[in-house]
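Per the working numbering, residue 242 is the first one in the sequence shown, and the count goes up by one each step.
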Amino acid sequence: MLTGGCFCGRIRYEAAGTPFHETNCHCSICRRTTGAPFVTWFSVPRSQFRFVCGEPTRFKSTAKGTRGFCPQCGTQLSFEHDDFASEIDITTCSLDDPGALPPKDHTRTSSKLNWVQLADRLPEYQESRQEESLYPVSGGTDGP
Ligand SMILES: [Zn+2]
Ligand SMILES: [Zn+2]
242 MLTGGCFCGR IRYEAAGTPF HETNCHCSIC RRTTGAPFVT WFSVPRSQFR FVCGEPTRFK
302 STAKGTRGFC PQCGTQLSFE HDDFASEIDI TTCSLDDPGA LPPKDHTRTS SKLNWVQLAD
362 RLPEYQESRQ EESLYPVSGG TDGP
């Protein structure tokens with residue numbers, strides 16, 4: 242069971258099942274909505290995920306993308322995409338133990354800041370992972 246929540250503790254969540262798509266997302270929307278140079282995410286089946294305390298405030302970051310954050314402390318917690326309603330993305334660093342779920346690649350590096358120098362030898366994808374159509378290259382730039 243994965244557990245986590247926002248900085249202030251108002252919102253808590255838990256997720257069962259096996260996480261997937263652990264990634265560092267370099268897209269400009271992740272950057273601008275957090276104020277960080279990139280954001281690390283993982284995905285779980287939505288059926289296995291629940292907020293156990295509080296509810297995030299949600300906003301549309303693109304036509305099909307919805308992000309959730311704590312209205313009190315501002316921690317970004319979730320990303321949901323209309324085309325992939327069976328899954329939810331969660332910010333890795335809102336986990337109680339983010340060290341236990343390291344990213345496996347970098348995505349959307351076409352938007353990466355020039356002063357971010359990657360040296361971890363993880364795969365880098367200009368947009369989404371080549372072998373998947375999770376976030377189609379032609380479908381906009383929102384999404385971890
Ligand atoms: Zn909070
Ligand atoms: Zn992103």
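The beta carbon of each residue, even a glycine, is placed where N, CA and C say it ideally should be.
One Cα belongs to residue 356, the other to residue 262, and the distance between them is close to 25 Å.
In the structure shown, the three-state DSSP call for residue 325 is helix.
Here residue 349 is not near residue 321, since their CB atoms are 8 Å or more apart. By the Cβ rule, the segment 324-332 does not count as touching the segment 293-303, because fewer than three pairs are nearer than 8 Å. Excluding the 5 residues flanking it on each side, residue 359 has same chain C-beta neighbours closer than 7 Å at 347 and 365, in chain order. The shortest C-alpha to C-alpha distance from residue 343 to any of 332, 249 and 351 is the one to 332. Per DSSP, reduced to three states, the secondary structure at residue 340 is helical.
In this structure, residue 293 and residue 258 do not form a Cβ contact; the two beta carbons are roughly 15 Å apart against a cut-off of 8 Å. With 16 or more neighbouring CB atoms inside 10 Å of its own CB, residue 279 falls in the buried class. Approximately 17 Å separates the beta-carbon atoms of residue 330 and residue 244; this is outside 8 Å, ruling out the contact. Looking at the DSSP output, residue 282 bridges to 264 and 332.
The continuous beta strand (DSSP E) containing residue 308 extends over residues 306-310. Counting C-beta atoms within 10 angstroms of its own C-beta, residue 246 has 16 or more neighbours from the protein chains shown and is therefore classed as buried.
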